[in-house]
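Undergrad:
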């Protein structure tokens with residue numbers, strides 16, 4: 186048996202690997218620690234530790250009066266991971282559909298059946314994402 190069922194279940198493996206790679210890419214981008222200057226004309230981008238000045242994190246470019254900020258912030262990483270979670274959280278999606286149906290009677294949204302294997306795959310992907318979110 187494979188991790189997601191029978192060996193050879195290519196779809197589940199493909200989706201899981203793609204999600205894993207996407208998560209890894211986001212976390213790699215965050216931990217690279219690139220900072221960019223907020224001054225529009227400067228366009229400085231560096232991984233150097235920023236200089237602390239009276240105005241916060243000063244840009245290291247001579248003559249620039251801008252400040253630097255993270256290119257890919259922790260909130261951007263969190264938002265991206267929450268978006269990935271929303272793509273595979275079946276229970277949350279079903280709850281939202283029920284709320285929407287209750288809010289607009291007569292215009293109910295119908296949901297097609299989801300096979301047990303796909304539901305299991307989405308649940309495992311959701312766990313995979315939540316492990317990264319809560320680590």
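Residue numbers (this note's numbering): 186 to 320. Backbone N, C-alpha and C define an ideal beta-carbon position, used for all residues, glycine too.
(1) Alpha carbon to alpha carbon, how far is residue 303 from residue 315? Give it in angstroms, no decimals.
(2) May I ask which residues mark the beginning and end of the alpha helix (DSSP H) holding residue 275?
(3) Would you mind reading off the limits of the beta strand (DSSP E) that contains residue 253?
(4) Output yes or no for whether 9 Å exceeds the beta carbon distance between residue 222 and residue 249.
(5) Quick check: residue 200 and residue 306, are their CB atoms within less than 9 Å of each other?
(6) So, at 6 Å on beta carbons, what are the nonlocal neighbours of residue 208 in its own chain, with the 5 sequence-adjacent residues on each side left out?
(7) DSSP three-state label for residue 264, please.
(8) Note down, in chain order, each residue of its chain lying with its Cβ closer than 7 Å to the Cβ of residue 265, except the 5 sequence neighbours on either side.
(9) Measure the C-alpha to C-alpha separation of residue 220 and residue 263 and round it to an integer number of angstroms.
(10) Can you grab the Cα-Cα spacing for the pair residue 227 / residue 258, in whole Å?
(11) Tell me where the beta strand (DSSP E) around residue 222 begins and ends.
(12) Considering only C-alpha positions, which residue in the set 290, 276 and 286 is nearest to residue 309?
(13) To the nearest angstrom, how far is the alpha carbon of residue 293 from that of residue 286?
(14) Would you decide whether residue 197 is buried or exposed? Buried here means 16 or more other CB atoms lie within 10 Å of its CB.
TA: A quick look at the data gives this:
(1) Cα atoms of residue 315 and residue 303: separation of roughly 18 Å, rounded to the nearest angstrom.
(2) Note, residue 275: alpha helix (DSSP H), 275 to 288.
(3) Start and end: 253 to 255.
(4) Going by C-beta atoms, residue 222 is nearer than 9 Å to residue 249.
(5) Yes; because the gap between Cβ atoms is below 9 Å, this pair is in contact.
(6) The beta carbon of residue 208 lies closer than 6 Å to those of 317 in the same chain, with the five residues before and after it left out.
(7) Here residue 264 sits in helix by DSSP.
(8) Shown here for residue 265: same chain residues with a beta carbon closer than 7 Å to its own, the five before and five after excluded, namely 211 in chain order.
(9) The straight-line gap from Cα to Cα measures roughly 18 Å.
(10) So the two alpha carbons sit approximately 20 Å from each other.
(11) In the DSSP annotation of this structure, the continuous segment of the beta strand (DSSP E) that includes residue 222 starts and ends at 220 to 222.
(12) Measuring from the Cα of residue 309, the nearest candidate turns out to be 276.
(13) Distance between the alpha carbons of residue 293 and residue 286: 5 Å.
(14) Residue 197 counts as buried, since at least 16 other C-beta atoms from the protein chains shown sit within 10 angstroms of its C-beta.
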